[in-house]
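Participant:
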Amino acid sequence: MGREDEHERFDRKIEAMGVRIKDANTVKVRDDVFDEVTLLALYKLVQKKLITVIGGPISTGKEANVFYGERDGRGLAIKIYRIQTANFKAMNEYLAGDRRFSSVRGTRKGLIFAWTKKEFSNLARAHEAGIPAPEPLAFDRNILLMEFLGRDEVAYPQLRNAEVEDYGMVYREILGYVERLYREARLVHADLSEYNILYHEKPYLIDMGQAVTLDHPRASAFLIRDIKNLNRYFSRYCDVQDEQEIIKTLVGSERREP
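Encoded structure:
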């Protein structure tokens with residue numbers, strides 16, 4: 001009883017809405033991920049006809065699980081933030097100094113909902129600035145729907161696992177993204193590394209929930225950390241630029257060097 005009934009209800013309700021569960025692995029992680037709040041958010045998105053297929057997991061983590069999905073044949077990434085296991089303290093550090101979310105109440109649920117909305121907003125700003133990143137499509141509570149970056153239901157690899165012909169060119173491309181993110185989207189990624197960049201013919205920035213606006217009190221520190229992370233990784237494969245020079249060029253004369 002209990003969980004079994006819940007699972008049957010889940011299947012019946014999803015099927016009644018015309019959504020196909022495509023992958024048995026979805027069912028395996030269901031216990032852990034699809035709590036009551038998540039199911040409600042999922043129902044809302046399904047009711048709006050934003051999801052027609054739910055597939056298997058693309059990635060699983062402590063903070064969030066990402067599933068493959070479809071809307072009328074178009075690939076989706078369904079990102080579900082985990083209310084019970086997400087790092088409450090770390091999230092608060094990024095949200096606290098962000099004016100857009102200064103009114104967020106400090107409950108775990110409220111924080112996760114704000115974080116989901118924040119990632120949607122950050123991706124939208126990056127996308128508008130022409131930065132290769134998943135296009136955000138919709139969000140509800142702790143679920144974010146995005147464009148799927150991949151082929152044949154397989155996500156593009158993280159940079160660390162990708163086959164790259166010209167590391168120097170990719171390094172310069174990513175520095176260009178960092179600059180455009182800073183100057184046009186007015187954001188700092190704040191967690192840039194070989195884990196949060198996908199690669200297929202060109203790099204794509206992902207995982208932007210923690211990205212902060214330039215008026216965040218730690219924006220400069222996060223920018224320096226992003227550049228250091230990039231240089232740490234790429235220095236194994238190609239010549240890298242001086243960190244301080246990159247930051248000086250990036251920030252320009254409008255502000256003091258962080």
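Heads up, the sequence shown is in the UniProt record's numbering, so the first residue is 1 and it goes up one at a time. For glycine and all other residues, C-beta sits at the position ideal for the given N, C-alpha and C.
Based on DSSP bridge pairs, tell me the residues matched to ILE143.
Facilitator: Position 143 of the sequence shown, counting from 1, holds the residue named residue 143. Its beta-bridge partners are ILE80, ASP140.
Participant: In the DSSP assignment, find the unbroken beta strand (DSSP E) run with ILE58 in it and report its ends.
Facilitator: What you label residue 58 is simply residue 58 of the sequence shown in a count that begins at 1. First-last of the beta strand (DSSP E) with ILE58: 53-60.
Participant: Do you know how far the Cα of ALA90 is from the Cα of ALA221?
Facilitator: Numbered from 1 along the sequence shown, position 221 holds the residue referred to as residue 221. Numbered from 1 along the sequence shown, position 90 holds the residue referred to as residue 90. Going by the C-alpha atoms only, they are around 15 angstroms apart.
Participant: Answer yes or no: do HIS216 and LEU205 have a C-beta to C-beta separation smaller than 8 angstroms?
Facilitator: For the purposes of this step, residue 216 is identified with residue 216 of the sequence shown, where counting begins at 1. For the purposes of this step, residue 205 is identified with residue 205 of the sequence shown, where counting begins at 1. No, the Cβ-Cβ distance between HIS216 and LEU205 is not below 8 angstroms.
Participant: Looking only at DSSP bridge pairs, what is LEU213 linked to?
Facilitator: Position 213 of the sequence shown holds residue 213. For the sequence presented, residue 213 should be read as Thr rather than Leu. Beta-bridge pairing links THR213 to LEU187.
Participant: Can you look up GLU245 in the DSSP assignment and give me helix, strand or coil?
Facilitator: In the sequence shown, residue 245 corresponds to position 245, counting from 1. Helix, per DSSP.
Participant: So, with DSSP's three-state summary, where would you put TYR233?
Facilitator: Start at 1 with the first residue of the sequence shown, and residue 233 comes out as number 233. Here TYR233 sits in helix by DSSP.
Participant: Per DSSP, which one or two residues make a beta bridge with ARG71?
Facilitator: Walking along the sequence shown from the start, residue 71 turns up at place 71. Beta-bridge pairing links ARG71 to ARG74.
Participant: Are the CB atoms of ILE78 and LEU145 nearer to each other than 8 angstroms?
Facilitator: Residue mapping note: residue 78 aligns to position 78 of the sequence shown, counting from 1. Residue mapping note: residue 145 aligns to position 145 of the sequence shown, counting from 1. Cβ atoms of ILE78 and LEU145: closer than 8 angstroms.
Participant: Below 8 angstroms, can you find three or more Cβ-Cβ pairs linking the segment 107-127 to the segment 135-155?
Facilitator: With the cut-off at 8 angstroms, the segment 107-127 and the segment 135-155 touch.
Participant: Please look up how many angstroms separate the CB atoms of GLY61 and PHE148, rounded, as I've assumed it's under 8 angstroms.
Facilitator: In the sequence shown, counting from the first residue as 1, residue 61 sits at position 61. In the sequence shown, counting from the first residue as 1, residue 148 sits at position 148. Incorrect: roughly 17 angstroms between the Cβ atoms, too far for contact.
Participant: Under 8 angstroms Cβ to Cβ from LEU45, same chain only, skipping five residues before and after it: list those, please.
Facilitator: As a working note, residue 45 is residue 45 in the sequence shown. Hits under 8 angstroms: ILE51, ALA138, ASP140, ILE143, LEU145.
Participant: Taking only the alpha-carbon atoms, compute the straight-line gap between THR249 and ASN229 and give it to the nearest angstrom.
Facilitator: Position 249 of the sequence shown, counted from the first residue, corresponds to residue 249. Position 229 of the sequence shown, counted from the first residue, corresponds to residue 229. Whole-angstrom Cα-Cα distance: 18 angstroms.
Participant: When you compare each of GLY73, GLN84, VAL178 to ASN196 by their alpha carbons, which one comes out closest?
Facilitator: Locating residue 196 in the sequence shown gives position 196, where the first residue counts as 1. Nearest option by C-alpha distance: VAL178.
Participant: Return the residue from the list MET169, LEU187, PHE234 that minimises the CA-CA distance to GLU194.
Facilitator: Counted from its first residue, the sequence shown places residue 194 at position 194. The candidate whose alpha carbon is nearest that of GLU194 is PHE234.
Participant: Counting Cβ pairs, one atom from each stretch, are 3 or more of them under 8 angstroms apart for the segment 162-171 and the segment 232-246?
Facilitator: The segment 162-171 is in contact with the segment 232-246.
Participant: Per DSSP, which one or two residues make a beta bridge with ARG225?
Facilitator: Counted from its first residue, the sequence shown places residue 225 at position 225. Note: ARG225 sits in no beta bridge, so no partner.
Participant: For residue 264, which option in SER102, PHE101, VAL37, GLY69 has the closest C-alpha, if you only look at C-alpha atoms?
Facilitator: Residue 264 falls outside the range modelled here, since the chain spans only 1 to 258, and no answer is possible.
Participant: Under the assumption that ILE246 contacts LEU175 (Cβ atoms under 8 angstroms), give the Cβ distance between them as a whole number of angstroms.
Facilitator: Along the sequence shown, one-based indexing puts residue 246 at 246. Along the sequence shown, one-based indexing puts residue 175 at 175. Yes, ILE246 and LEU175 are in contact; Cβ-Cβ is about 7 angstroms, under 8 angstroms.
Participant: Taking 8 angstroms as the threshold (C-beta atoms), are VAL164 and LYS109 in contact?
Facilitator: Against the sequence shown, residue 109 aligns to sequence position 109. Against the sequence shown, residue 164 aligns to sequence position 164. Cβ distance not < 8 angstroms, so LYS109 and VAL164 don't count as in contact.
Participant: Thinking C-alpha only, which one of TYR199, LEU95, ASP207 is nearest GLN158?
Facilitator: Looking up residue 158 in the sequence shown gives position 158. Ranking TYR199, LEU95, ASP207 by Cα distance to GLN158 puts TYR199 first.
Participant: So, ARG20 versus VAL66, is the Cβ gap smaller than 8 angstroms?
Facilitator: If you number the sequence shown from 1, residue 20 lands on position 20. If you number the sequence shown from 1, residue 66 lands on position 66. Their beta carbons are not under 8 angstroms apart, which means ARG20 does not touch VAL66 by this criterion.
Participant: When the Cα atoms are used, what is the spatial distance from GLY73 to GLN241?
Facilitator: Taking the first residue of the sequence shown as 1, we reach residue 73 at position 73. Taking the first residue of the sequence shown as 1, we reach residue 241 at position 241. If you take the alpha carbons of GLY73 and GLN241, they lie about 43 angstroms apart.
Participant: Could you tell me the distance, in whole angstroms, from the CA atom of ASP226 to the CA atom of VAL104?
Facilitator: Within the sequence shown, numbered from 1, the residue matching residue 226 stands at position 226. Within the sequence shown, numbered from 1, the residue matching residue 104 stands at position 104. Whole-angstrom Cα-Cα distance: 26 angstroms.
Participant: Among PRO132, ALA41, ARG100, which residue has its Cα nearest to the Cα of GLN210?
Facilitator: The residue labelled residue 210 in the question sits at position 210 within the sequence shown. Minimum Cα distance to GLN210 is reached at ARG100.
Participant: With DSSP collapsed to three states, give me the class of TYR195.
Facilitator: Position 195 of the sequence shown holds residue 195. DSSP places TYR195 in coil when its eight states are reduced to three.
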